[in-house]
Every structure is written in structure tokens, then in C-alpha cells.
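One structure is given below, encoded as C-alpha cells.
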Amino acid sequence: MDLIKSKVSVARNILDSLPISTAIRDIYIEELNSPWNEKIIRLTNRKGCTDVKLYLWKNDIFLYGRIYRLLLYVCDALDQNFNYDTKIIPHGTLESKIRETYNHIWGIYVDSRIDRMGIENFFDKTMRRNLFIDTQRNLPWTTADMLFEKLWNKETYNHPEIIDYANSIDRLSWLNNTSELTAFEIEISRSLMD
Numbered sequence: 468m469d470l471i472k473s474k475v476s477v478a479r480n481i482l483d484s485l486p487i488s489t490a491i492r493d494i495y496i497e498e499l500n501s502p503w504n505e506k507i508i509r510l511t512n513r514k515g516c517t518d519v520k521l522y523l524w525k526n527d528i529f530l531y532g533r534i535y536r537l538l539l540y541v542c543d544a545l546d547q548n549f550n551y552d553t554k555i556i557p558h559g560t561l562e563s564k565i566r567e568t569y570n571h572i573w574g575i576y577v578d579s580r581i582d583r584m585g586i587e588n589f590f591d592k593t594m595r596r597n598l599f600i601d602t603q604r605n606l607p608w609t610t611a612d613m614l615f616e617k618l619w620n621k622e623t624y625n626h627p628e629i630i631d632y633a634n635s636i637d638r639l640s641w642l643n644n645t646s647e648l649t650a651f652e653i654e655i656s657r658s659l660m661d
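Just so we're aligned: the sequence shown equals residues 468 to 661 in my numbering.
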């Protein structure tokens, strides 16, 4: 139980450094056996108080960065300029590919900020790049890589923008400068889809 208290203490210290510190009352933690399932949920009770529950991998490697990144999702959701709207989130079952891309783009936004702050993170740039490119098999590798770089280097996003990108990832306007793709690369990409 002391390990959970220690993680709550780390989370509280991070939260206190963020602009949402007064908006969150309590922090709860549930441990997981894998880093791949880490997430954060907001819990709002009848009195209007907001708590957060972090689902964290048991291992302490990159703990500070892993907690920080999860709290950034809540920062984004509570930031009025981010314009978070649960009603426009792609449906996980009916729009699974769009939802997956949406999750990756928001993850890229969060992890690129963690990287710029110099905080060590399990989801570093190389990991994020590999995960993103792996999900964009309908695009040639060079296009997916260039798109990742553009997404990673973008300083700010808002929620409707992330939704828009997720819905039109293969038609984004900044892909116009990727016309150097060879017919071989395009054919390889198509064959991987089959």
C-alpha cells in the first residue's frame, strides 16, 4: 500500500504544478501489469467535485513522465481553449480506425510537450513514431513518417482540430509536399494493406 501512496504523492506534486490543480480534489491509483493500458479518467460526484483515477503500470520506470503525461490529458480537457467535446469523439466500435488515429494524434500532442519539457517518458519520440506509422498502413512509410514529424512539431492543438485530422489523415493539406513518393513505395504500401 505504501507504493500506491508514493505514486499518489508524485501525482499530487505534479498536479500542484499544473493550472488545473484547484479543479481536482482527490487522486486515486489502480496498478496495472502493462504500460500499454495506462489511462486516466475523471470522476465527478454529485457535489460537482472532480477527482481523477490513474491506471498505472506497476513498474516505476519513467513514473514521473508517465503520470505527467496522463495529467496533461485532463489539462487539455479542462482547458477552454482546447474546446474538448465528448460528443464529437469518434466512436470506438463504429469508427475504430478514426478513433485509433484520434488517440494517436492526441498522444503525439501530449508526448511532444513532455519531450519539449525534457521529462523522460515511456512514450518517447521513437516509440510514438513507430506506433503511429504502424497504424497508418494505408499510407506509404515516407508519407506516414513525414506526417508524424509534422504532428510532433506542431506546438498547439485544439480538440476539434484533432478530430478533423483523425477523420482526414490521408488528405491533410500539408501532405502536398510529399509528391516525391515512388511508384514502388506506393505499391508496397498497397500490398501491405492486402
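Every residue gets a Cβ at the ideal spot worked out from N, C-alpha and C, and that includes glycine.
**Proximal residues to LYS592 (C-beta, below 7 Å), its chain only, five neighbours per side dropped** = ASP582, TRP619
**Request:** Count the CB pairs spanning the region 552-569 and the region 511-525 that are closer than 8 Å, and state whether there are at least three.
**Result:** no
**Prompt:** From which residue to which residue does the beta strand (DSSP E) around ARG509 run?
**Reply:** 506-511
**Request:** Assign SER640 to one of three DSSP states: helix, strand, or coil.
**Result:** With a pLDDT of 47 at SER640, under the threshold of 50, the predicted position of this residue should be treated as unreliable, and no value is reported.
**Message:** Less than 8 Å between the C-beta atoms of LEU537 and ILE586, yes or no?
**Reply:** Not closer than 8 Å, so no.
**Request:** Go ahead and label GLN547 buried or exposed: buried means 16 or more other beta carbons lie within 10 angstroms of its beta carbon, across all protein chains shown.
**Result:** exposed
**Asked** Expressed to the nearest angstrom, what Euclidean distance is found between the alpha-carbon atoms of TYR540 and VAL577?
**Response** 7 Å
**Message:** Could you give the first and the last residue of the continuous beta strand (DSSP E) run that contains THR517?
**Reply:** Start and end: 517-524.
**Message:** Give me the DSSP bridge partner(s) of ILE496.
**Reply:** LEU521
**Own chain, CB closer than 8 Å to CYS542, minus 5 neighbours either side, in chain order** = LEU485, PRO486, ILE487
**Message:** Nearest by alpha-carbon distance to LEU545: which of TRP608, ILE481, ALA490, LYS474 is it?
**Reply:** ALA490
**Prompt:** What are the start and end residues of the alpha helix (DSSP H) that includes TRP619?
**Reply:** 608-620
**Prompt:** Does the beta-carbon of ILE528 have 16 or more other beta-carbons within 10 angstroms, so that it is buried, or is it exposed?
**Reply:** exposed
**Message:** So, with DSSP's three-state summary, where would you put PRO627?
**Reply:** helix
**Asked** Nearest to ARG566 by alpha carbon, out of TYR632, GLU505, ASN512, TRP524?
**Response** TYR632
**Prompt:** In angstroms, rounded to a whole number, what distance separates the CA positions of LEU457 and LEU470?
**Reply:** Examination of residue 457 is not possible in this model, given that the chain is present from 468 through 661 alone.
**Request:** Step through the CB atoms of chain D and report whether any lies within less than 8 Å of the CB of ARG509.
**Result:** Looking at the structure shown, chain D is missing, and only one protein chain is on hand.
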